[in-house]
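J.: Take a look at the following structure, please.
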Amino acid sequence: MDILAEKLNTKLQEWQPDTVEEVRQLITEIISLADQGNLDILRSRRLEQEVLDLLDEPETW
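Residues in the sequence shown are numbered from 23 upward in steps of one, following the numbering used here.
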């Protein structure tokens, strides 16, 4: 088994059930995007979220 898969398996046993469910959903989405050759969509979503987070930060001038 891949080291990443082993680490994920260990973490899934340690985390709270709600965290486990969220991680499973995210990984399922990533696998689906990778199978379709659409990982660039995931990168775009991540960048969009980073921009939204920056806009939500209070101004500190």
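For glycine and all other residues, C-beta sits at the position ideal for the given N, C-alpha and C.
Keep in mind that this is a model prediction, so the values were computed, not measured.
1) Taking the alpha-carbon positions, what's the R46 to L64 distance?
2) Measure the Cβ-Cβ separation of L69 and L61 and say whether it is below 9 angstroms.
3) Can you tell me the Cβ-Cβ gap for L48 and V42, rounded? I've got them flagged as a contact below 8 angstroms.
4) With H, G and I counted as helix, E and B as strand and the rest as coil, what does DSSP make of P39?
5) Specify, as a first and last residue, the run of the alpha helix (DSSP H) that Q71 falls within.
T.: Put simply:
1) 16 angstroms
2) no
3) 11 angstroms between Cβ atoms; not a contact.
4) helix
5) L61 to D78
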